[in-house]
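Just below is one structure, and these are the notes that go with it.
Chains as they are written, first to last, in the working numbering: chain A, 5 to 455; chain B, 5 to 455.
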């Protein structure tokens, strides 16, 4: 009875073996009856493209929608683009409105309209409510399955109303109290319903200061609210206070996971929707762009070195040591940058304390700059038997670490103000600065002293 | 009624103004009545050390425990280390068992024992259950407030039993069905209780294949289970199947958030518990270590360059261009590394598909290597009017990108096997390899062709 993620592995291994042996009937059986849709999705995500195609063709059409919603965007898009409207309709008819909305947003407009046209009026209307909001807002994240009640009935009536249901919507921890024209005026946690006197009125028991979320709220702010108030679900309201739907914690967990992945992936110039097994051609194209961006910064650093070719020719030790100056600056700067990016994301960093952070980073860079400058200078002096060289590299290290601290602190703040994602571009810009300044300081000082 | 994280800011601004004006009584009032404990914690985390001390002293002692549990580990440790047992007991008496256990694990053993001795027997026993497990396991994450019922009573009895409570534990979505000797045999979702016939027995309605989590399960596996099954809470059982407690989604969300932060922070050699406003001295010491590690790798690269001083003296253009070779390798390698680390974390990468990934990465590196080798060679030829130089740098780029792909794929797989965190050490090792190979290939080929 005890569940463990590793229990899946033996079944996947058996499935892979069956696939390799070409026992497709067996594979089909395992896919459609042996595994939950979320596991089938995981299996597809863990499979190189060619085998993935074979597996996908073996999934029953009416299960494909269930599986699709768990796949990452990259793979979803590939599969969706190949289905015709009829297949789409049959694959998606059992999905929740929010999941269906997410899928539809990846389709061409004409296909979306066809799918909408094939739906029942009520279902279509619900879907259109969700589709009216961008995918990354509370409105795009919400579901329309909220249970609503009126304020002037007794809890006993509520209990009887609930009992009329076959089952309650997943993750229902709260009933939403609305007026006759659907204005949200309160919430009744199910756990309070269970411990209260059944003869009381909803109005007497309900929460009126519950968290409610405006439909245009950004999804990362939605996640912050859920975390702060330990929410399991929350109602979404329009600008006029009308109830539009509700967001549940499982969708918020996905948001948190995706945002976290986004930061890690974008630091390497990658897309967080990226399929681990994306084919060669797509991978090459995407990566080429990032290499190109970095090549520009590398040529800028090279141009700086180019200014000092004469000096290098006279003192080749400079060429040996110069990457150390650039590298220490880059590492120190990326530490500052990372702390600042996290601080901004957590809401710790505001106008009033940036100055404190900047002075701390500058002091830290002086302390660490002096420490490592001494170490590096000592090694350089011993290595090349040249005191001047030691003094020059020490000075260059301190200068570059100071610039790294300055840039690492102010750059993310500035990027944030300009609404540019600091995780994506911060490190590239920072490294350019520490490379250019590092080579400039080291080779420039050397030119002064040696020529 | 609509909540928004930005609503907090005006209150924080007023509080900061009061603090600057020295209106401490007003600050005290705002801290203890105007703000929720989670907001006070956020305020403390957003404040430099000196003001933080002033603010903390103004928080009422009986509120301090509530605030402490929301603070990050770094700050918690500082505050906890200064409280005496009496203060600790009064600050922590209103905490949940899991939060209390987390706090106690940061205290010296003698203090923990004193706090335990001051507790009531039942409470102490619960706490000891949680303390028996490492903090990062299901056992350390669980709470002991699960509501349990017996299988052979009717739902009507269950409903009456619930009504006897003043309130139910937070995030109770399920009642756990246990035998007389506390063996977990099923679960009864509250939402099923509400829609079922009250005359039925628990045994007839309960789930017997619910997810239950072994106490020693790693917290990141717990998170995977919650995500996979969209759980709100889950029971934790001992090896003998006895119910020990339950984990709720709010604690799992914290785990997900912390794991995500861990990856980003450790890539810069930082600790995810790091206080954004850590004082100069602590910050310098921690950062110095990472700079030292990177210095070793920088000197290794320098040593490689040192082997070719003679060549550089004859062709200084090599010094100008060599950082480009190293940098392109580093960027390409970190892309591969990031994709692999994520693939491993998501469970996509297993023995059988590493070979596919490796060949894709190698092909991609050849394609991108050829593309950018041509571009770089063209620029080099025009810049230095030297065809040989173009050929040499083109070859070096292709070689380094191949090595980057090889290392970026196999390194995280190997580190994972050795149980070393690839996020922390992966990039350092990779960059060392691409620097060393980059310089070696470029300068080595140059030595062959020019000397």
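Don't be surprised by glycine CBs; every beta carbon is placed ideally from N, CA and C. All of these numbers come straight from a predicted model, not from anything done at the bench.
Q. Can you tell me whether DSSP reads residue 355 (chain B) as helix, strand or coil?
A. Helix at residue 355 (chain B).
Q) If we call anything under 8 angstroms between Cβ atoms a contact, is residue 156 (chain A) one with residue 205 (chain A)? A) It is a contact, given that the beta carbons lie within the stated cut-off.
(Q) Would residue 51 (chain A) and residue 281 (chain A) qualify as a contact pair, given that the criterion is a beta-carbon distance under 8 angstroms? (A) Going by beta carbons, residue 51 (chain A) and residue 281 (chain A) fall inside the 8 angstroms limit.
Q: Check the DSSP bridge columns for residue 247 (chain A) and list the partner residues they point to.
A: A:241, per the DSSP bridge assignment.
Q. Of all Cβ atoms in chain A, is any one closer than 8 angstroms to the Cβ of residue 478 (chain B)?
A. A query on residue 478 (chain B) cannot be resolved here, the shown segment of chain B reaching from 5 to 455 and no further.
Q) In or out: residue 435 (chain B) buried (at least 16 other Cβ within 10 Å) or exposed? A) So residue 435 (chain B) ends up on the buried side.
Q) Between B:453, B:378, B:209, B:349, which lies nearest to residue 421 (chain B) when the distance is taken from Cα to Cα? A) When each option's Cα is compared against that of residue 421 (chain B), the closest is B:349.
Q: Check each residue of the region 217–234 of chain A: if its Cβ is closer than 9 angstroms to any Cβ of chain B, include it; give the result in chain order.
A: Taking 9 angstroms as the cut-off between beta carbons, the residues of the region 217–234 of chain A near chain B are 217, 218, 221, 225, 227, 228, 229, 230, 231, 232, 233, 234, in sequence order.
Q) Would you call the region 334–344 of chain B and the region 446–453 of chain B in contact, with 3 or more CB pairs under 8 angstroms? A) The region 334–344 of chain B, when compared against the region 446–453 of chain B, does not touch it at the 8 angstroms Cβ threshold.
Q. Cα-Cα, which of A:226, A:294, A:61, A:345 is closest to residue 417 (chain A)?
A. Distances from the alpha-carbon of residue 417 (chain A) to those of A:226, A:294, A:61, A:345 put A:345 closest.
Q) So residue 114 (chain B) packs on residue 104 (chain B), CB below 8 angstroms; how close in whole Å? A) Their Cβ separation, rounded to whole angstroms, is 17 angstroms, which puts residue 114 (chain B) and residue 104 (chain B) out of contact at 8 angstroms.
Q) Which residues of chain B have a Cβ atom closer than 7 angstroms to the Cβ of residue 138 (chain A), listed in chain order? A) Within chain B, no residue comes near residue 138 (chain A); the closest Cβ sits about 17 angstroms away, beyond 7 angstroms.
Q.
Against chain B, with Cβ distances strictly below 8 angstroms, would residue 46 (chain A) count as a contact?
A. At least one chain B Cβ lies under 8 angstroms of residue 46 (chain A).
Q.
Quick check on DSSP: helix, strand or coil for residue 192 (chain B)?
A. Here DSSP, grouped into helix, strand and coil, assigns residue 192 (chain B) to strand.
Q | Rounded straight-line distance, which links the Cα of residue 77 (chain A) to that of residue 67 (chain A) | A | Taking the straight line from one Cα to the other gives about 18 angstroms.
Q | Partner residues on chain B for residue 73 (chain A), Cβ-Cβ distance less than 7 angstroms | A | Those within 7 angstroms of residue 73 (chain A) in chain B number zero; the least Cβ separation is about 12 angstroms.
Q) Could one say the Cβ of residue 117 (chain A) lies closer than 8 angstroms to chain B's Cβ atoms, at least one of them? A) So, not an interface residue.
Q: Going by CA-CA distance only, name the one from B:131, B:340, B:251 that's closest to residue 141 (chain B).
A: It is B:251.
Q. Taking just the CA atoms, how far does residue 225 (chain B) sit from residue 243 (chain B)?
A. Cα to Cα, residue 243 (chain B) sits roughly 17 angstroms from residue 225 (chain B).
Q.
Closest to residue 235 (chain A) by C-alpha separation, out of A:257, A:245, A:423, A:218, would be which residue?
A. Closest in alpha carbon position to residue 235 (chain A), among A:257, A:245, A:423, A:218, is A:257.
Q: Could you give the DSSP three-state label for residue 116 (chain A): helix, strand or coil?
A: Looking at residue 116 (chain A) - three-state DSSP - the assignment turns out to be helix.
Q: Keeping to the same chain, check which residues put their C-beta closer than 6 angstroms to that of residue 388 (chain B); ignore five residues upstream and five downstream.
A: Same-chain partners within the cutoff: 321.
Q: Just grab the DSSP bridge partners of residue 181 (chain A) for me.
A: Paired residue(s): A:153, A:190.
Q) Going by other Cβ atoms of all chains shown within 10 Å of its Cβ, with 16 needed for buried, is residue 261 (chain B) buried or exposed? A) Buried: at least 16 other Cβ atoms inside 10 Å.
Q: Please report how far the alpha carbon of residue 370 (chain B) lies from the alpha carbon of residue 384 (chain B), in whole angstroms.
A: The straight-line gap from Cα to Cα measures roughly 20 angstroms.
Q: Sort B:31, B:426, B:451 by Cα distance to residue 272 (chain B) and report the nearest one.
A: Checking every option, the nearest Cα to that of residue 272 (chain B) belongs to B:426.
(Q) Per the DSSP calculation, residue 147 (chain A) is bridged to which residue(s)? (A) Bridge partners of residue 147 (chain A): A:250.
(Q) Give me the subset of the region 249–269 of chain A whose CB atoms are less than 7 angstroms from a CB atom of chain B, sorted by chain position. (A) Along the region 249–269 of chain A, going in chain order, the ones with a CB nearer than 7 angstroms to a CB of chain B are 253, 254, 257, 260, 261, 264, 265, 267, 268, 269.
**Q.** Beta-carbon spacing of residue 270 (chain A), residue 372 (chain B) below 8 angstroms
**A.** For residue 270 (chain A) and residue 372 (chain B), no; Cβs fall outside 8 angstroms.
Q. Expressed to the nearest angstrom, what Euclidean distance is found between the alpha-carbon atoms of residue 165 (chain B) and residue 152 (chain B)?
A. Their backbone Cα atoms lie some 11 angstroms apart in a straight line.
Q | Buried or exposed (CB count within 10 angstroms, at least 16 for buried), residue 382 (chain B) | A | By the 10 Å Cβ count, residue 382 (chain B) comes out exposed.
Q: Can you tell me which of A:193, A:202, A:266, A:318 puts its alpha carbon nearest to the alpha carbon of residue 451 (chain A)?
A: Answer by Cα proximity: A:318.
Q: Could you tell me which chain B residues have their CB closer than 9 angstroms to the CB of residue 444 (chain A), listed as they occur along the chain?
A: Neighbours of residue 444 (chain A) on chain B: none; closest Cβ ~13 angstroms, over 9 angstroms.
**Q.** C-alpha distance - residue 8 (chain A) paired with residue 326 (chain B), whole-angstrom precision
**A.** Annotation note: pLDDT 45 at residue 8 (chain A) (below 50); position unreliable, coordinate value reported separately. Answer to the nearest angstrom: the Cα atoms are 50 angstroms apart.
Q: For the region 143–152 of chain B and the region 126–134 of chain B, state whether three or more C-beta atom pairs, one from each stretch, are separated by less than 8 angstroms.
A: Taking a cut-off of 8 angstroms for Cβ pairs, the region 143–152 of chain B and the region 126–134 of chain B touch, as three or more such pairs fall below it.
Q) Listed from N- to C-terminal order along the chain, which residues in the region 312–329 of chain B have their beta-carbon within a distance smaller than 7 angstroms of any beta-carbon of chain A? A) Of all residues in the region 312–329 of chain B, only 313, 316, 317, 320, 323, 324, 325, 327, 328 come within less than 7 angstroms of chain A when Cβ atoms are compared, listed by chain position.
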